[in-house]
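Report on the following structure.
Number of protein chains: 2
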Amino acid sequence: MAASTSSLLAPASSSCAAISPRLTRAAPAAASVPSPSRPSYPPLRASSGRPLRSRFVASAAPTMQPPTESRVSTVVDVDLGDRSYPIYICSGLLDEPDLLQRHVHGKRVLVVTNTTVAPLYLEKVTWALTHNNPNVSVESVILPDGEKYKDMDTLMKVFDKAIESRLDRRCTFVALGGGVIGDMCGFAAAAFLRGVNFIQIPTTLMAQVDSSVGGKTGINHPLGKNMIGAFYQPQCVLIDTDTLNTLPDRELASGVAEVVKYGLIRDAPFFEWQEKNMSALLAREPNALAYAIKRSCENKAEVVAQDEKESGLRATLNLGHSFGHAIETGTGYGAWLHGEAVAAGTVMAADMSHRLGWIDESIKKRVVEILEKAKLPIAPPETMTVEKFKNIMAVDKKVADGLLRLILLKGPLGSCFYWRLRQEST
Amino acid sequence: MAASTSSLLAPASSSCAAISPRLTRAAPAAASVPSPSRPSYPPLRASSGRPLRSRFVASAAPTMQPPTESRVSTVVDVDLGDRSYPIYICSGLLDEPDLLQRHVHGKRVLVVTNTTVAPLYLEKVTWALTHNNPNVSVESVILPDGEKYKDMDTLMKVFDKAIESRLDRRCTFVALGGGVIGDMCGFAAAAFLRGVNFIQIPTTLMAQVDSSVGGKTGINHPLGKNMIGAFYQPQCVLIDTDTLNTLPDRELASGVAEVVKYGLIRDAPFFEWQEKNMSALLAREPNALAYAIKRSCENKAEVVAQDEKESGLRATLNLGHSFGHAIETGTGYGAWLHGEAVAAGTVMAADMSHRLGWIDESIKKRVVEILEKAKLPIAPPETMTVEKFKNIMAVDKKVADGLLRLILLKGPLGSCFYWRLRQEST
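Spelled out as C-alpha cells, the structure:
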C-alpha cells in the first residue's frame with residue numbers, strides 16, 4: 001500500500017525516463033501508410049534516448065524543435081500550476097505499461113470508450129493498465145459512437161457504471177477514443193463524487209491535436225453544443241500515434257482542420273510547413289503526423305497556460321468555431337464532423353476578414369487552398385441560411401451580454417483578432 | 001456599460017458598508033417568536049453600525065465575538081484565495097437591494113427556486129435584484145420541492161430554462177431556497193457553459209448553517225446521495241434570518257442537527273451554549289437563531305478554508321452523515337429530512353464511540369439529550385437493518401479503496417476522530 005501510494009505521488013515530469021527506450025526505437029511500418037522517398041518537413045534534431053520536452057509558461061514564445069532523425073518523440077508540458085500535466089506523443093506508447101500506470105490513482109480504473117474504438121484498443125489498454133500490476137482492477141463502459149450521443153442520457157451511463165461498480169474517490173477514469181469520448185469522460189470525471197482523476201488517450205487526430213488538451217469537457221444540449229460541462233484537467237494525455245493507422249480518411253481530414261487553425265491564428269511558419277506537407281499528412285507519413293501533433297499541442301499548451309478558462313486569449317482557438325458550431329447544431333450533431341464544420345467556418349471567417357479589409361486576398365486564397373487540399377468543405381451546406389446562422393449563434397457560449405464574439409484574421413499570416421459584434425435583441 | 005462593469009468588479013469585501021444602516025436598526029418583531037424575558041445566550045458586544053466580521057484563514061483559531069446588544073449582525077468571510085466570499089447574516093437583508101446587486105455579474109439573472117419558496121420570496125428577491133437597476137433582467141425556474149427531486153431530470157429543467165432564455169457566460173444564477181435548491185442551482189451554475197457566477201440565498205436553517213457554505217454542490221443518483229456534483233463556490237451567501245419565520249418546525253429542527261454537530265466535533269463552548277438555549281432556538285428567538293447561525297458559519301468557514309476539497313479535516317463535518325446518508329438512501333429521499341437522518345446517525349456515531357471506549361458515557365448521554373430536546377430522532381427506522389446499512393454505505397463517497405471513513409467522537413467534548421474501517425470485499 002505504502003509503496004503504491006508513493007509511486008502514485010511521483011511527479012509526472014519524471015515519468016519520461018521510463019519510456020525513453022521505447023521513444024528511441026524505430027517506428028513500426030504501417031502497411032497502409034506510404035512513406036514519401038524525400039520527406040519535405042524540416043530536418044529534425046537527433047533523438048538521443050531522451051524525449052524532446054517543451055514546457056510552456058505564460059510568457060513563453062512558441063518554439064520549434066525539429067529533430068533531425070526520422071522519429072519524433074516528445075513530451076509537451078501544460079503548465080497550469082497544481083493542475084499541470086504532460087502530453088506524451090510517440091508511436092507505441094500503449095505498449096508501455098509503466099507510463100500509463102504511473103498516472104493511475106487508486107486501484108480502480110474505469111475506461112470509457114465507444115463501440116468503434118473498443119474492439120481496436122480496449123484490450124490493449126486494459127493490458128497496459130494491469131500488466132505486472134495485479135492490484136489494479138479495470139471496468140469499462142462502451143458508449144455508442146458519434147457526436148449525437150454526446151448528451152445527458154449517454155453521460156448517465158458512465159455514472160451508472162461507476163456507481164454500480166462501487167468506484168470511490170480514489171479511482172481513475174480513462175478516456176479512450178476521440179473528442180466526444182474525451183469530453184464526456186472528462187465531464188463525468190469532473191462530476192463523479194465531485195471530481196476524480198482522469199487520463200486522456202485520444203485515438204483521433206482531432207482529439208490528439210485539440211480536444212484532449214486544455215481541460216474543456218462537456219456535453220451538448222439539443223439547443224447548443226457543449227452547453228453543459230466543466231473546465232477539468234487530466235493527469236496526463238497519452239498520444240500513441242499508431243492509433244491513427246485505424247482512423248478513417250474523413251476523420252483524419254477533420255483533425256487537420258484544427259492543425260490548420262493553429263497556423264492561421266498564431267504560427268505562420270507552421271502554416272507554411274503545412275502548405276508544403278499536406279500530402280504527407282493525408283498519406284499518414286508518420287513523422288509528418290507526429291510533427292503536426294507536437295506543434296499543435298505546443299501551440300495549444302501555450303495558449304491554455306496563459307488563459308485556462310477562456311477569459312481572453314484562449315478564445316482565439318475558436319477561429320471558425322462560431323460558424324462551425326452553428327453548422328453542427330443546424331445540421332444535427334454528427335451529420336458534419338466537427339473539423340468539417342470548422343473548415344467551412346474558417347473560410348467564412350477568412351471571407352469576413354477580407355471583406356472588412358483586414359487581410360489580403362492572398363491569405364484568404366491560401367486558407368481556401370489548404371483546406372481544399374485537405375479535402376475539407378470550404379462552404380456551409382445550403383440548408384444553413386443566414387437566418388439559421390443568426391438564430392443558432394445567438395445561444396452560442398461565445399455570446400456574452402448580447403455581444404457576439406468572433407475570431408477573425410487580421411494583418412499578416414498568423415495573426416488574428418477578437419471581434420465583438422452587437423447582436424440584435426431577441 | 002463601463003459603469004456597470006466597474007461596479008461588478010468592486011471587491012466583495014467592501015460591500016458591508018452599504019448595509020450597515022440596516023444592520024444596526026432594530027429587528028422587526030415576529031409575532032410567532034416569543035422573546036424570553038432573560039436571554040440565556042452569552043452577553044454580546046455592542047453593534048456600532050459596522051457589522052461584526054470574522055475572517056478565517058488556515059491557521060486561525062475559532063473565535064467568539066458576542067455582541068452586548070440584542071442584535072447580531074455579521075459578515076463571515078470564507079477565505080479561499082481567489083474564490084473567497086462573504087456570508088452576510090442579518091434580518092431584513094432581502095430589503096437591501098444594494099447588497100444583492102453588488103454581487104450580480106452581468107445583466108441577466110436566473111433565480112432557481114421551488115414551489116414552496118417561490119410564493120413566499122420570489123417577488124421580493126426579484127424586486128431586490130431590479131430595484132433602481134433597470135439594466136438587469138430576471139428569469140426564474142420553479143422546481144418541485146423535495147430531496148426526491150434532486151435528480152438529473154430536475155437539473156435539466158434549469159439548463160433548459162437557461163438555454164431557452166439565451167443566458168450567456170456573464171449571467172448570475174441565484175439559489176433561493178433550502179439545501180436541495182442550493183445544491184442543484186450551484187451544480188447547474190458550475191456546469192452551465194462550464195461555469196457561471198451564482199449567489200446563495202438560503203431560506204432554511206439547514207441551508208443557512210451548512211449546505212449553502214463551502215461550495216459542495218450536486219445531485220443524487222438512485223444508488224447514492226450527492227454522487228454527481230462539483231466543488232463550486234458562490235459569489236456570496238446572503239442569509240436573511242427573517243426567512244426562518246415561514247419555516248415549518250420540523251425543518252427548523254432538521255437544521256438544528258447540524259448546529260449540534262459543530263459543537264460536538266470542534267466547539268465545546270458552542271455545544272454548552274446550545275444545551276442552555278435549545279428552547280430559545282426552537283422558539284425562534286431571533287438573537288438565539290442569529291447567534292447559532294453565525295457560530296455555525298464561522299466553524300464551517302474555518303474548516304473549509306483549511307480543506308476546501310475534503311482531503312482530510314473537512315471530513316469531520318460528516319459526523320453522523322455516513323449513517324445518515326444511508327438512512328436517507330434506504331428510506332427513499334424525502335421520507336426523512338436530512339437533519340433528522342443526521343441526528344439518528346450522530347447518536348449511532350456517539351454510541352459506537354462509547355462502545356470503543358473513546359468517550360465517556362456522560363457525553364453520549366448529552367448527545368442523546370440535546371437531540372431529544374430538539375425533537376429529532378435518536379435512532380434509525382426499524383426498516384434499516386445492519387445488512388441494509390452495510391450495502392448502502394459501501395457505495396458512499398466517504399469510502400475510498402475499500403476503506404470506510406467514519407467520523408467518531410474521541411476524548412473530551414468537542415473532539416472527534418477520523419476512523420478508517422476496512423470494508424468487506426463486495
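Quick note, the sequences are listed as chains Z and G, same order.
The numbers in the UniProt record's numbering rise by one with no breaks, and the one at position 73 of the first sequence is 73.
The numbers in the UniProt record's numbering rise by one with no breaks, and the one at position 31 of the second sequence is 31.
Note that beta-carbon positions come from the ideal geometry of N, C-alpha and C, so glycine has one too.
Predicted model, so just to flag it, every value in this text is computed and none were measured.
Cutoff 8 Å: residue i Cβ touching any chain Z Cβ
i	result
Phe323 (chain G)	no
Gly312 (chain G)	no
Arg166 (chain G)	yes
His221 (chain G)	yes
Ala190 (chain G)	yes
residue 452 (chain G)	Residue coverage of chain G in this structure runs from 1 to 426, which leaves residue 452 (chain G) outside it and unanswerable.
Gly224 (chain G)	yes
Met227 (chain G)	yes
Minimum Cβ-Cβ distance from residue i to chain G less than 8 Å
i	result
Leu193 (chain Z)	yes
Gly81 (chain Z)	no
Val395 (chain Z)	yes
Ala230 (chain Z)	yes
residue 449 (chain Z)	Limits of chain Z in this structure are 1 at one end and 426 at the other, which puts residue 449 (chain Z) out of reach.
Gly92 (chain Z)	no
Met156 (chain Z)	yes
Phe159 (chain Z)	yes
Met184 (chain Z)	no
Met152 (chain Z)	yes
Ala58 (chain Z)	With a pLDDT of 35 at Ala58 (chain Z), under the threshold of 50, the modelled position of that residue is not reliable, and the figure given next carries that caveat. Taking Cβ atoms only, chain G never reaches closer than 8 Å to Ala58 (chain Z), which makes this a no.
Gly330 (chain Z)	no
Environment of residue i [buried if 16+ CB atoms lie within 10 Å]
i	result
Cys365 (chain Z)	It should be noted that the sequence gives Lys, not Cys, for residue 365 (chain Z). Answer is exposed; the Cβ neighbour count stays below 16.
residue 436 (chain G)	Only positions 1 to 426 of chain G appear in this structure, which leaves residue 436 (chain G) out of reach.
Pro248 (chain G)	exposed
Thr316 (chain Z)	buried
Thr383 (chain Z)	exposed
Arg108 (chain G)	buried
Pro380 (chain G)	buried
Pro119 (chain G)	exposed
Contact check, residue i vs residue j, beta carbons under 8 Å
i	j	result
Gly182 (chain G)	Gln200 (chain G)	yes
Ile378 (chain Z)	Val237 (chain Z)	no
Gly195 (chain Z)	Val117 (chain Z)	no
Ala190 (chain G)	Tyr232 (chain G)	yes
Ile407 (chain Z)	Leu319 (chain Z)	yes
Val104 (chain Z)	Leu129 (chain Z)	yes
Leu110 (chain G)	Ser140 (chain G)	yes
Gly330 (chain Z)	Glu147 (chain Z)	no
Ala326 (chain G)	Phe417 (chain G)	no
Tyr121 (chain Z)	Thr172 (chain Z)	no
Gly263 (chain G)	Gly106 (chain G)	no
Leu93 (chain G)	Val260 (chain G)	no
Ile392 (chain Z)	Ile89 (chain Z)	no
Arg258 (chain Z)	Asp210 (chain Z)	Rather than Arg, the amino acid found at residue 258 (chain Z) in this sequence is Glu. A contact, by the Cβ cut-off of 8 Å.
Leu244 (chain G)	Leu193 (chain G)	no
Contacting residues, own chain, Cβ-Cβ under 6 Å from residue i (five flanking each side not counted)
i	result
Asn226 (chain Z)	Gly218
Thr154 (chain G)	Leu143
Gln101 (chain Z)	Asn133
Arg295 (chain G)	Phe270
Ala253 (chain G)	Ala374, Lys375, Leu376
Pro97 (chain G)	Ala128, His131
Cut-off 8 Å between Cβ atoms - residues of its own chain near residue i, not counting five sequence neighbours on either side
i	result
Thr115 (chain Z)	Ile142, Leu143, Pro144, Asp145
Asp351 (chain Z)	Lys364
Cβ-based neighbour list, residue i, same chain, cut-off 7 Å, excluding 5 preceding and 5 following
i	result
Asp151 (chain Z)	Ile219, Asn220
Val395 (chain G)	Leu223, Gly224
Val347 (chain Z)	Val367, Val368, Leu371, Ile378, Ala379
Please specify which runs of the alpha helix (DSSP H), each continuous and at least 4 residues long, are wholly inside the region 210–285 of chain G, giving them in chain order. 249–266, 268–282, all fully within the region 210–285 of chain G.
As an exercise, report each continuous alpha helix (DSSP H) stretch of at least 4 residues that is fully enclosed by the region 334–375 of chain Z, in chain order. Those alpha helix (DSSP H) runs which fall completely within the region 334–375 of chain Z and span 4+ residues are 338–355, 361–373.
Any chance you could list the alpha helix (DSSP H) runs of at least 4 consecutive residues sitting entirely within the region 78–150 of chain Z, in chain order? Runs of the alpha helix (DSSP H) inside the region 78–150 of chain Z: 97–102, 123–130.
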